[in-house]
Amino acid sequence: MASVQAASVDKGKENDAKEENAPVVSGGKETTPPCKKQRAREAAARGSDKSSEKAQLAGHLKGLPAQVAEDLGIGIEIPWFSMEDIDVGRRLGGGKFGSVYVARCRRSGFCFALKILNKAQLIKHRVEHQLRREIEIQSHCRHVNILRLYSFFHDEKRVYLMLELAPGGELFGLLQNRGTFSEARSAWYFKQLVEAFQYCHGKNIIHRDIKPENILIGLKDTLKIADFGWAVHAPTSRRETFCGTLDYLPPEIVASKSYGKHVDLWGLGILLYEFLVGKPPFEAPDQPRTCRKITSGVPSFPPHITREAKDLISRLLHKDPKHRMTLDQILLHPWMVENCGGDNANILHRKYGGMM
Ligand code: ATP
Ligand code: MG
Numbered sequence: 001m002a003s004v005q006a007a008s009v010d011k012g013k014e015n016d017a018k019e020e021n022a023p024v025v026s027g028g029k030e031t032t033p034p035c036k037k038q039r040a041r042e043a044a045a046r047g048s049d050k051s052s053e054k055a056q057l058a059g060h061l062k063g064l065p066a067q068v069a070e071d072l073g074i075g076i077e078i079p080w081f082s083m084e085d086i087d088v089g090r091r092l093g094g095g096k097f098g099s100v101y102v103a104r105c106r107r108s109g110f111c112f113a114l115k116i117l118n119k120a121q122l123i124k125h126r127v128e129h130q131l132r133r134e135i136e137i138q139s140h141c142r143h144v145n146i147l148r149l150y151s152f153f154h155d156e157k158r159v160y161l162m163l164e165l166a167p168g169g170e171l172f173g174l175l176q177n178r179g180t181f182s183e184a185r186s187a188w189y190f191k192q193l194v195e196a197f198q199y200c201h202g203k204n205i206i207h208r209d210i211k212p213e214n215i216l217i218g219l220k221d222t223l224k225i226a227d228f229g230w231a232v233h234a235p236t237s238r239r240e241t242f243c244g245t246l247d248y249l250p251p252e253i254v255a256s257k258s259y260g261k262h263v264d265l266w267g268l269g270i271l272l273y274e275f276l277v278g279k280p281p282f283e284a285p286d287q288p289r290t291c292r293k294i295t296s297g298v299p300s301f302p303p304h305i306t307r308e309a310k311d312l313i314s315r316l317l318h319k320d321p322k323h324r325m326t327l328d329q330i331l332l333h334p335w336m337v338e339n340c341g342g343d344n345a346n347i348l349h350r351k352y353g354g355m356m
C-alpha cells in the first residue's frame with residue numbers, strides 16, 4: 001500500500017504544507033465533478049451510476065501489502081481497526097465508489113459512519129490519489145464544523161473510512177426540500193462555514209469544492225464540511241489545476257489562471273446565493289455558457305433579497321480574486337452582524353442548531 005502509506009505518514013505534522021504540496025502538483029490532470037444542473041438528478045440516482053465521475057489520477061491500490069498502524073503514522077493516537085472490531089448497521093447512503101453505514105465499535109460502543117469504498121472501482125477510475133489526499137487532509141482537521149475522519153483501514157477488496165456520524169445527511173437535501181433558506185438561517189449556516197474556512201485557510205488548506213452536497217448536518221444540527229477529495233495544501237505556491245463543480249468555479253479557474261485561497265471565497269459567495277435564491281447564480285443550459293457567465297456575467301437577484309445580502313454576495317463574487325472580501329471581513333459585514341450578532345445568536349442557535 002505504498003500509495004495510502006505515502007499519503008498518510010504525516011506523523012502528526014498537521015500543517016506541514018510544503019511536503020504535501022509537491023505530490024499533489026505532480027499528480028497532474030484532474031477533471032471536473034458533475035455540472036450543477038445535474039445535481040438533483042444525481043442525488044436521486046445516488047448509488048447507482050456515479051462511476052464516470054472524478055476519474056483520472058494515476059495510481060493503484062491493487063496488491064497493497066498488509067500494514068500496521070505505525071506504518072501509516074496513526075498508530076500512536078488511534079488504535080488499528082478491522083471489520084472484526086465493528087458492528088455495521090443501517091445504510092446511510094451511497095457514494096460514487098461505495099456506501100456509508102452507521103457503525104459501532106464493539107469495544108467502546110462508540111458510534112460513527114463507516115464509508116466503505118470498493119478498491120476495484122477506485123483503481124478503475126484512478127481516484128486513489130484523491131482518496132489519499134482526502135484522508136491526509138481530513139484526518140488532520142479538528143474543527144467543530146469540519147467532519148472528523150477518525151481513522152481508516154483496508155482489506156483486500158475495500159478501503160474503510162471511519163467518519164463522524166452526521167445524522168441529518170446532506171445540506172443539499174434540506175435545501176431541496178425547502179427551496180430556499182431564510183436570510184436568518186442562511187446567515188447562521190454561513191457563519192459556521194466561514195469559521196470552518198478560517199480554520200482550513202489557517203492551515204493552508206483550500207477546499208475547492210464547497211457546495212451544499214459537501215456539507216453534512218451533524219449532531220445538534222451543526223454543519224460539517226465534508227468531502228475533501230478536491231482539497232489541497234497551498235502554502236505559497238498557486239495552483240493551476242482545473243477542479244471543483246462547474247457552477248461553483250471561479251473565473252480565475254475557468255480562465256486557467258493560477259489561483260489560491262480566494263477560490264473558496266468565490267465558492268462561499270455562490271453558496272450563499274444558492275441558500276437565498278435556491279439555485280446558483282451562473283446556471284446555464286450548457287458548460288460553455290456557464291463558463292461565459294462566470295467570467296463576464298453579473299448575478300441577478302430576485303426582489304426579496306435584502307440590499308445587505310446582495311452587497312455581501314457581490315463582494316465575494318468579485319471577478320478579481322484579490323478584491324474579494326476576506327473571511328474575517330465576512331464575519332464583520334453588516335448582514336452577518338445584523339443577523340447573527342448580539343442576542344440573535346442565541347435565538348438562531350435555538351432555532352437552527354450548531355455549537356455556540
Ligand atoms: P464522494 O465522496 O465520492 O463525493 P458522495 O459524496 O456522493 O461521494 P458519500 O460521501 O460516499 O457520497 O456519501 C453518500 C451518502 O451517505 C451521502 O449522501 C450522505 O447522505 C451519507 N453520508 C456520507 N457520509 C456520512 C456521514 N458521515 N454521516 C451520515 N451520513 C453520511
Ligand atoms: Mg460526499
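Just so you know, the sequence shown maps onto residues 1 to 356 in this note's numbering. Just so you know, even glycine gets a beta-carbon here, dropped at the ideal spot from N, CA and C.
| Check | Outcome |
| --- | --- |
| Ordered list of alpha helix (DSSP H) runs contained in the segment 117-149, each at least 4 residues | 119-124 and 128-139 |
| Among Gly229, Arg106 and His201, the one whose alpha carbon lies nearest that of Gln138 | Gly229 |
| Extent of the continuous beta strand (DSSP E) to which Ile225 belongs | Leu223 to Ile225 |
| Assigned exposure category for Thr236 - 16 Cβ within 10 Å defines buried | Note that Thr236 scores a pLDDT of 39, beneath 50, so its modelled location is shaky and nothing firm can be said. |
| Cβ separation of Ile215 and Ala226, assumed to be a contact under 8 angstroms, to the nearest whole Å | 7 angstroms |
| Whole-angstrom distance between Tyr189 and His262, CA atom to CA atom | 20 angstroms |
| Three-state class that DSSP yields for Lys191 in the structure shown | helix |
| Any non-hydrogen atom of ligand 1 closer than 7 angstroms to Leu316 Cβ | no |
| At least three beta-carbon pairs within less than 8 angstroms, the segment 327-343 to the segment 274-294 | no |
| Every unbroken alpha helix (DSSP H) within the segment 159-213, with a cutoff of 4 residues, ordered by chain | 171-178 and 183-202 |
| Residue from Gly168, Asn339, Phe181 and Val254 whose Cα sits closest to the Cα of Leu92 | Gly168 |
| Any non-hydrogen atom of ligand 1 within 7 angstroms of Lys96 CB | yes |
| Rounded distance between the beta-carbons of Gly109 and Gly179, thought under 8 angstroms | Actually they do not touch by this definition, with Cβ atoms about 39 angstroms apart. |
| DSSP state of Asp247 mapped onto helix, strand, coil | helix |
| Span of the beta strand (DSSP E), counted from its first residue to its last, around Asp87 | Ile86 to Gly94 |
| beta-carbon Val100 near ligand 1 non-hydrogen atom, thresh 7 angstroms | yes |
| Beta-carbon gap between Ser151 and Phe275 smaller than 8 angstroms | no |
| Val88 classed as buried or exposed, judged by whether at least 16 other C-beta atoms fall within 10 angstroms | exposed |
| Residues near Thr326 in its chain [Cβ-Cβ closer than 8 angstroms; skip 5 each side] | Leu265 |
| Straight-line Cα distance separating Arg315 from His323 | 8 angstroms |
| Exposure label - Asp155; buried when at least 16 CB within 10 Å | exposed |
| Backbone CA spacing between Lys124 and Asn118 [nearest angstrom] | 10 angstroms |
| Three-state secondary structure assigned by DSSP to Ser108 | coil |
| CA-to-CA distance, Arg208 to Arg350, given in whole angstroms | 31 angstroms |
| From Met83, Asp221 and Tyr248, residue whose alpha carbon lies closest to that of Leu272 | Tyr248 |
| Anticipated Cβ contact below 8 angstroms, His143 with Ala196, distance rounded | 6 angstroms |
| Straight-line gap, Phe97 to Val159 (C-alpha atoms, nearest Å) | 10 angstroms |
| Cut-off 8 angstroms between Cβ atoms - residues of its own chain near Ser300, not counting five sequence neighbours on either side | Pro281 |
| Ala231 beta carbon less than 8 angstroms from that of Arg133 | yes |
| Alpha-carbon to alpha-carbon, Ile135 and Leu114 | 14 angstroms |
| Gly297 versus Ala345 - alpha carbon distance | 35 angstroms |
| Contacts around Asn145, its chain only, beta-carbon distance under 7 angstroms, and the 5 residues preceding and following it disregarded | Gln192, Leu193, Glu195, Ala196, Thr222, Leu223, Lys224 and Ile225 |
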